[in-house]
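What follows is one structure encoded as structure tokens, with my remarks underneath.
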Amino acid sequence: MRYTYLYILTLLMGASSANAQDSIERTEKMNVSIGSLTLSSVKVDEIKFPPSKKAPMHKHSCPVVGQIVKGVCLLQVQGEDPRILHEGDIFYEPADVPILHFDNYSETEIMEFMAYYLANGQGALTEILPAEKR
């Protein structure tokens, strides 16, 4: 009787585990080719901009993937059209390409985002560029 109880319990646990797996939903948000990049580290920063704050024109020595956590952002990568990013949106900044705009697009709310730097031993990951190059 005890073994029958354990057997039934095991079956029930397996069934509930399978149901939990069936309820997982996956949605691809971004798929960017980074070539044959070798990574030695991933640096993760949480960054907050006050209302109306505009990042200076800059570039990164490695690719950066990020997500807007709160607020609204104006992003423009050189060679691309400007985009408005909202909470939950994903962005990609390629290595060594100027970022013309990364601005908090709200005059009243903070903008918060996560940045994931895909690094391979680079020293400084962000370089501020002269404004006249914009």
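Under the numbering used here, the first residue of the sequence shown is numbered 47, with each subsequent residue one higher. For glycine and all other residues, C-beta sits at the position ideal for the given N, C-alpha and C.
In this structure, Ile156 and Lys94 form a Cβ contact; the two beta carbons are roughly 6 Å apart against a cut-off of 8 Å.
Taking Ser79 as reference, the option from Val110, His147, Lys99 with the minimal CA-CA separation is Val110. Listed in chain order, the beta strand (DSSP E) elements of length 3 or more contained wholly in the segment 77 to 151 are 87 to 95, 104 to 106, 110 to 116, 118 to 123, 129 to 132, 136 to 139, 145 to 150. Within its own chain, the residues whose Cβ lies closer than 8 Å to the Cβ of Val88, once the five positions on either side in sequence are excluded, are Tyr162, Tyr163, Leu164, Ala165, listed in chain order. The continuous beta strand (DSSP E) containing Ala165 extends over residues 157 to 165.
Separation of the CB atoms of Pro144 and Leu175 is rounded to 6 Å, and the pair is thereby assigned contact status at 8 Å. A straight-line Cα-Cα distance of about 17 Å links Arg129 and His104. Relative to Glu126, the option among Lys116, Leu146, His132 whose CA is nearest is Leu146. Rounded to whole angstroms, the separation of the alpha carbons of Glu173 and Pro140 is 13 Å.
By the neighbour-count definition (other C-beta atoms within 10 Å, threshold 16), Leu85 is an exposed residue. Less than 7 Å separates the beta-carbon of Pro97 from that of Glu153. Residue Gln122 holds the alpha-carbon nearest to the alpha-carbon of Ala101 among His132, Gly167, Gln122, Lys75. Going by C-alpha positions, Lys75 is about 13 Å away from Leu131. Rounded to whole angstroms, the Cβ separation of Met160 and Gly112 is 6 Å, and the two are in contact under 8 Å.
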